[in-house]
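Here the structure is laid out as structure tokens; the discussion comes afterwards.
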Amino acid sequence: MSWQLAFCVYFGLLTIMIVFGLPIAAVMGFVGVAGITMLRGTMLWPSLADVIWNTVNAFTLTAIPMFVLMGEIILRSGAARRFYQGLAVLLNRVPGGLAQSNIMGAALFSAISGSSTATALAIGTVALPEMRKRGYKDAITLGTLTGGGALGNLIPPSIFLLIYGAVVNESAIDLFVATIIPGAIAVAMFMGFVTIKVWLDPSLAPPRERGYSWGQVAYAFVQIGPVVLIMLVTIGGMYFGVVTPTEAAALSCLLAAIIAAFYREMTRADIWTAIINTIAISCVISIIVVNGQILGFAIVQADIGRGVARFLIDSGLMAYSFAFFTLLFILYLALGAALDGITMMLLTVPVLYPAFKAMGYNNIWFGVILVIQAELAQLSPPVGLNLLAIQSIARDVDLATISWASLPYAVMLSALCFILYFFPELATWLPSAMRN
Amino acid sequence: MQALIIGFGRVLRFFEGIALKLSAVFLGAMVLLINVEIFSRYFFNYSTRIADEYGGYFYAWIVLLGGVHLLRSDRYLMMTSVLDRMSPRVQNLIYIIAAAVGLTLCVVCFKSSFDLTYASFRFNTESTQPSGTPLWYPQLAMPFGYALLCTAYFEEILRRCAGLPPRRAEDDVETYGVGDAG
Chain A
213 MSWQLAFCVY FGLLTIMIVF GLPIAAVMGF VGVAGITMLR GTMLWPSLAD VIWNTVNAFT
273 LTAIPMFVLM GEIILRSGAA RRFYQGLAVL LNRVPGGLAQ SNIMGAALFS AISGSSTATA
333 LAIGTVALPE MRKRGYKDAI TLGTLTGGGA LGNLIPPSIF LLIYGAVVNE SAIDLFVATI
393 IPGAIAVAMF MGFVTIKVWL DPSLAPPRER GYSWGQVAYA FVQIGPVVLI MLVTIGGMYF
453 GVVTPTEAAA LSCLLAAIIA AFYREMTRAD IWTAIINTIA ISCVISIIVV NGQILGFAIV
513 QADIGRGVAR FLIDSGLMAY SFAFFTLLFI LYLALGAALD GITMMLLTVP VLYPAFKAMG
573 YNNIWFGVIL VIQAELAQLS PPVGLNLLAI QSIARDVDLA TISWASLPYA VMLSALCFIL
633 YFFPELATWL PSAMRN
Chain B
368 MQALIIGFGR VLRFFEGIAL KLSAVFLGAM VLLINVEIFS RYFFNYSTRI ADEYGGYFYA
428 WIVLLGGVHL LRSDRYLMMT SVLDRMSPRV QNLIYIIAAA VGLTLCVVCF KSSFDLTYAS
488 FRFNTESTQP SGTPLWYPQL AMPFGYALLC TAYFEEILRR CAGLPPRRAE DDVETYGVGD
548 AG
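These protein sequence lines are chains A and B, in that order. Numbers 213 to 648, taken from the working numbering, label the letters of the first sequence in order. Numbers 368 to 549, taken from the working numbering, label the letters of the second sequence in order.
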């Protein structure tokens, strides 16, 4: 079977089955199995177990359940609530007040949770009722929650980058470090946008609140302390080579458990719910990864990746680097409207990876671009998980309103992609400086 | 027939509960083991030499045992914008097709992983890590997990064909109400 025919069969089956609502993970695995069966009969079936075993036994991926567990503990122990309250006091004087707290809170929380949806949920659960009570308009609140949540994977550590690193054999630490500058730029853009928006339309936020005493400010630092401590241990430990990403995840889990024991808010039922959610979320992600790897194996067997790369070279498109990048951007934008970020990455990277190499793309730089595109997917209706997460909290608001409020943040993230295209050093400089 | 399917579901729910509890134990063991490694390495200059290897094994067990809970609690990611617009009859048909697709995949994966685990057992293959663990111990997670998933998919097909409500009906009556056979 030619790679073109295999490509059409795989693509056609995937599209039809996903559009008709079959579970994405099962579809990926099934198309992979169907693909290798069409190519070689049952000859390659024994290799499937190797593919599965090598995926579920990857030490890098063991960090996933531990990052999820740590986020669950922080969320349910009262640490997330205290963190937000403390941040609200500290950012009281900044134009936009609590709206800025959402962005900064999401940025810091994402530095420990590694997941966009967890970040949006953690901050949203605390922030939305509080902001409504204080008179903030939904028009500003909703966007800061979904957009702020989108920082989840862009600020290290990132579950998405752990998986990308495993797929392309790239160091997770290098990938994490590469997102620090782009993540900081995104935070600055988001906070700048909120400032300008509130300045142009002061009715969006209530008048600046009363000042806080030094004692209250000091207490606010105490409230944000535990989350900041976990963040410093996680990122600092990895950056200085003290711990691996997996060890950082385990250590932050332990710290979160100590903090939870100190606050004494978690009941036995809360602990069990945290564990069940951790297992379920880890399984959702990991089973997609396993089936994505089965599909990737079928793509490699059909020689689709090299075929696509050859086709792109022969067509001359790759001579136009910017046009190629723009096409990729549009492709991921379209895929992101229908798929979650991890699925999108697992479906495309095996097909396009040889083309990226032929284009001279740096794995780390492209990982940062992909993670931004994945965050755009989190903000793209109808399946943007951040939109759905915030709708699950703000049940009286329809998805269109939330999507509209999130649009400026999606535009800013898109702009960040193109900034990185023109200035790739923003992503590549820090990892190389760290190595040196 | 419906009573039989519901009874089958209860048996499966029992195994799901055990699988979930085992997953929780492995999760706790993984966190503990890796922290022991960190502290023993930095404070006592001693490495357990098994943390990386066993961390991977625990992760494999967590994922493969947790899969059945994921399936039975309908938490898989799917795109429902087209599905939601269809009649309940067509939706039911699509759910049956989805379960058949899942079952086919899991049967193939079960066969493949069983063969690998059996080969490891037969040839006494050991891990290349310092522990020299016989590989079939951790690899058993694969056939075990896929067997559970096959059973859960089979139950889903039976339940849908018999016109019963979603699987969680008996587990969560408040949400789904009492099924036709209830």
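The beta-carbon is built from N, C-alpha and C at its ideal position, and this holds for glycine as well.
| Query | Result |
| --- | --- |
| At a Cβ threshold of 7 Å, is G423(B) touching chain A? | yes |
| If L354(A) sits next to I614(A), beta carbons under 8 Å apart, how far is it from one beta carbon to the other, in whole angstroms? | 5 Å |
| With V583(A) and F388(A) assumed to form a contact (beta carbons below 8 Å), what rounded beta-carbon distance in angstroms separates them? | At roughly 10 Å, the Cβ-Cβ gap does not stay under 8 Å, so V583(A) and F388(A) are not in contact. |
| For chain B, find out if any of its Cβ atoms is closer than 7 Å to the Cβ of E459(A); answer yes or no. | yes |
| Would you be able to state if there are at least three C-beta pairs under 8 Å between the segment 406-422 of chain A and the segment 468-486 of chain A? | no |
| So, with DSSP's three-state summary, where would you put E382(A)? | coil |
| If we count the other Cβ atoms within 10 Å of its Cβ and call it buried at 16 or more, is L317(A) buried or exposed? | At residue 317(A) the sequence reads Gly, which differs from the Leu that was named. Classification for G317(A): buried. |
| Using only alpha-carbon positions, find the residue among G548(A), V580(A), G427(A) that is nearest to F635(A). | V580(A) |
| Can you give me the start and stop residues for the alpha helix (DSSP H) that T353(A) sits inside? | 350-361 |
| Starting from the Cα of T471(B), find the closest Cα among G572(A), S214(A), V239(A) and give me that residue. | V239(A) |
| Which residues of the segment 430-444 of chain B have a Cβ closer than 8 Å to any Cβ of chain A? Give them in chain order. | V430, L431, G433, G434, H436, L437, S440, R442, Y443, L444 |
| Suppose you measure from the CA of L628(A) to the CA of T538(A); what does that come to, to the nearest Å? | 13 Å |
| Measuring CB to CB, does Q312(A) end up less than 7 Å from M403(A)? | yes |
| I'd like to check one pair, A461(A) with F279(A): are the Cβ atoms closer than 7 Å? | yes |
| Can you have a look at G427(A) and say buried or exposed, based on whether 16 or more other CB atoms are within 10 angstroms of its CB? | exposed |
| Could you please give the first and the last residue of the uninterrupted alpha helix (DSSP H) stretch that includes G423(A)? | Premise fails: G423(A) is in no alpha helix (DSSP H) and is neither H nor E. |
| Whose Cβ in chain A lies nearer than 9 Å to the Cβ of Q496(B)? | Near Q496(B) there are no residues of chain A at all, since even the closest Cβ is about 11 Å away, more than 9 Å. |
| Just to confirm my understanding: we take V474(B), look at its own chain, exclude 5 residues before and 5 after, and list those with CB closer than 7 Å. What are they? | C517 |
| With a cut-off of 8 Å, do at least 3 Cβ pairs link the segment 348-364 of chain A to the segment 544-557 of chain A? | no |
| Against chain A, with Cβ distances strictly below 7 Å, would I401(B) count as a contact? | yes |
| Cα separation between A645(A) and A468(A)? | 31 Å |
| May I ask you to list the residues that DSSP assigns as paired with P501(B)? | E493(B) |
| Taking the alpha helix (DSSP H) that L566(A) belongs to, which residues open and close that run? | According to the sequence as given, residue 566(A) is Pro; it is not Leu. Its alpha helix (DSSP H) spans residues 553-570. |
| In terms of residues, what are the limits of the alpha helix (DSSP H) holding F523(A)? | 516-527 |
| In chain B, what lies closer than 7 Å to A468(A) by C-beta? | Those within 7 Å of A468(A) in chain B number zero; the least Cβ separation is about 10 Å. |
| Using 8 Å for Cβ pairs, my map puts W265(A) next to Q506(B). What's the rounded Cβ distance? | 6 Å |
| By DSSP, does P532(B) sit in helix, in strand, or in coil? | coil |
| Is it right to say R252(A) is buried, meaning 16 or more other beta carbons lie within 10 angstroms of its own, or is it exposed? | exposed |
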